[in-house]
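First up is the structure itself, then whatever we jot down about it.
Number of protein chains: 2
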Amino acid sequence: MTEPATTVTAGMVVIGNEILSGRTQDLNVAFVGTELNELGIQLLEVRIVPDIKEEIVAAVNSLRTKFDYVFTTGGIGPTHDDITAESIAAAFGKEAVYHPTSYAILEATMKRRNIEFTEARKRMALVPEGGEVIENDLGVAPGFVMENVYVMAGVPQVAKSMFKAAAPHLRRGQTKRSRSIATHLPEGTIAAGLEAIQKNYPDADIGSYPFYNTPGGHGTTLVVRSFHEEDLVGAGDGILKMIADLNGEALSDERS
Amino acid sequence: MTEPATTVTAGMVVIGNEILSGRTQDLNVAFVGTELNELGIQLLEVRIVPDIKEEIVAAVNSLRTKFDYVFTTGGIGPTHDDITAESIAAAFGKEAVYHPTSYAILEATMKRRNIEFTEARKRMALVPEGGEVIENDLGVAPGFVMENVYVMAGVPQVAKSMFKAAAPHLRRGQTKRSRSIATHLPEGTIAAGLEAIQKNYPDADIGSYPFYNTPGGHGTTLVVRSFHEEDLVGAGDGILKMIADLNGEALSDERS
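Residue numbers (numbering that gives the first Met the number 0), protein chains in the order written: chain X, 0 to 255; chain P, 0 to 255.
Here's what the structure looks like:
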């Protein structure tokens, strides 16, 4: 069960009343989780908090000491409810100040678009003292990084652009690969055999996910995730054998 | 800023490696948030944690003392990675035991479907000592409630059925209503006026949400949420006036 030396971990803070009220379906957790996984960084906890400074500070401070990186989404626009920059600054005991790079980018963008560079828009240049901007290819409102905390927009297409800009700067770990095998056998039928396979491959995470009423009908997808190729081969082949022994059929066997 | 006496609050714990790895898009937060809002219960924090007992215990214990209710999704099936029942039991310092109602429902279901009632399937009857089952109209694997913690399945259609069964037992609070006004004006243009309106209606949550590349083009949706009808009328009408003063147009004005 020893983790390799190259384990890199992350937490995430999703900031926004609109996610908690159900008004907006969050899409950033799945995106960030997937991208981090590709970089060999394991997303191990997410907190979704309202637009309340004390709650943001508490969540960020809890996760930034627990994990190598923290990613936040939401609350970096120009309106009064965008309080992420000042909250992150408060989490580090700093002030939020205009960052010259961010300010210059915003000023140029507004000029180009013939839009007034209002005090509200200047708020988007606020970065905690000591923070650095994360530029993005959309040309507006850079995110920023403060020590190990990466601050991104809530709008998914903007968050993606910011993540893409930040990714090359992240320390990469070993990537967990996965092998997914689907079968029509129900979970209760494969449970005992699956547990025995898990015991034989303690370094692998073996998950079981039922599916219902899909085009393929009912069944279970079994997912092996591991740093080690031999776990994917061994546990995956063990699952195939178990399915055959139970007179079932493997509907698919995919790597990612 | 005084909250009415009927404020009822909730937290939520989403349990599952598959959400954190990005393999599965969570849909339960939006659903639970929306349903709770209808009941006058405010969802104020969500934590997404992996299938690790200590992490589940820590999240549940943190939220169950902080809020009136906690709702969990995920990890109540028959396989080895379904550790929610034993984790909730541990959070309360109890053992997980077979609940007679749950056991009887499962036994009858398996008999009806001519499926063996394996040891693994019996795991789905595990409930912390002192807990009660939440029956559901799908006929299998009841959720359960332990004091103020409601434990539901991860599969959205099953979680919905369980929530529906639990809802009549929840203490209802005053419902926050919302009024949403969309405009093509960008956030930076309305920010100053919007902040002034927020200051005049301190009990309302006024949020600003940009939209891009939608069928309606670019723009901003302004959302007023409040317990008080006069806030929806006053702040909402203030927003309409502001939009008109800025030579903009209100594209929509909706209540929910």
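Where is the CB? At the ideal position from N, CA and C, for every residue including glycine.
{"Check": "Alpha-carbon to alpha-carbon, P:Val148 and P:Thr64", "Outcome": "10 Å"}
{"Check": "Residues near X:Gln24 by beta carbon distance below 7 Å, same chain, minus five either side", "Outcome": "none"}
{"Check": "Where X:Asp244 falls, given that 16 or more other Cβ within 10 Å makes a residue buried", "Outcome": "exposed"}
{"Check": "Proximal residues to X:Ile242 (C-beta, below 8 Å), its chain only, five neighbours per side dropped", "Outcome": "Ile180, Thr182, Leu184, Ile189, Glu248 and Ala249"}
{"Check": "Coarse secondary structure for P:Met0, derived from DSSP in three states", "Outcome": "Caution is warranted here: a pLDDT of 45 is assigned to P:Met0, below 50, making its placement in the model unreliable, and the coordinate value is therefore given only provisionally. Coil."}
{"Check": "Sequence-distant residues of the same chain with beta carbon closer than 6 Å to P:Gln173, five excluded per side", "Outcome": "Pro3, Thr5, Gly39 and Phe226"}
{"Check": "Meets three-Cβ-pair contact criterion under 8 Å: the segment 52-59 of chain X and the segment 79-91 of chain X", "Outcome": "yes"}
{"Check": "Beta-carbon proximity list for P:Thr72, same chain, < 6 Å, skipping 5 on both sides", "Outcome": "Val13, Asn27, Met151, Gly153 and Ala158"}
{"Check": "Local conformation of P:Gly235 per DSSP, three classes", "Outcome": "helix"}
{"Check": "C-alpha gap between P:Glu131 and P:Thr100, whole angstroms", "Outcome": "9 Å"}
{"Check": "CA-to-CA distance, X:Pro127 to X:Val69, given in whole angstroms", "Outcome": "15 Å"}
{"Check": "Start-to-end residues for the alpha helix (DSSP H) that takes in P:Arg120", "Outcome": "Glu118 to Lys121"}
{"Check": "CB-CB length for X:Val223 against X:Ser177, believed under 8 Å", "Outcome": "6 Å"}
{"Check": "Residues of the segment 10-28 of chain P whose Cβ lies closer than 9 Å to any Cβ of chain X, in chain order", "Outcome": "Met11, Val13, Gly15, Asn16, Glu17, Ile18, Leu19, Ser20, Gly21, Arg22, Thr23, Gln24, Asp25, Leu26 and Val28"}
{"Check": "Endpoints, the alpha helix (DSSP H) within which P:Ile51 is located", "Outcome": "Note, P:Ile51: premise wrong, no alpha helix (DSSP H); not H, not E."}
{"Check": "Selection of the segment 58-92 of chain X by Cβ proximity to chain P, strictly under 7 Å", "Outcome": "Gly76, Pro77, Thr78, His79 and Asp80"}
{"Check": "Cβ of P:Asp230 within 9 Å of any chain X Cβ", "Outcome": "no"}
{"Check": "Secondary structure, beta strand (DSSP E): runs of 3+ residues fully inside the segment 162-189 of chain X", "Outcome": "176-182"}
{"Check": "Residue-chain proximity (X:Val154, chain P), Cβ-Cβ < 9 Å", "Outcome": "yes"}
{"Check": "P:Met0 burial status per 10 Å Cβ neighbour count (16 or more: buried)", "Outcome": "Confidence is the limiting factor: at P:Met0 the pLDDT is only 45, short of 50, which leaves the residue's position unreliable and the question unanswerable from this model."}
{"Check": "Proximity below 9 Å, CB of X:Asn16 to CB of P:Asp204", "Outcome": "yes"}
{"Check": "Any chain X beta carbon closer than 9 Å to P:Phe30", "Outcome": "yes"}
{"Check": "Inter-residue Cα distance where the pair is P:Leu62 and P:Ile47", "Outcome": "12 Å"}
{"Check": "Cβ neighbour criterion (16 or more within 10 Å) applied to P:Ile18", "Outcome": "buried"}
{"Check": "Under the three-state DSSP convention, the category P:Arg224 falls into", "Outcome": "strand"}
{"Check": "Same chain only: Cβ atoms within 8 Å of X:Leu193, ignoring 5 sequence neighbours per side", "Outcome": "Ile205, Ser207, Leu221, Ile238 and Met241"}
{"Check": "Interface flag, X:Val223 vs chain P, CB-CB below 9 Å", "Outcome": "no"}
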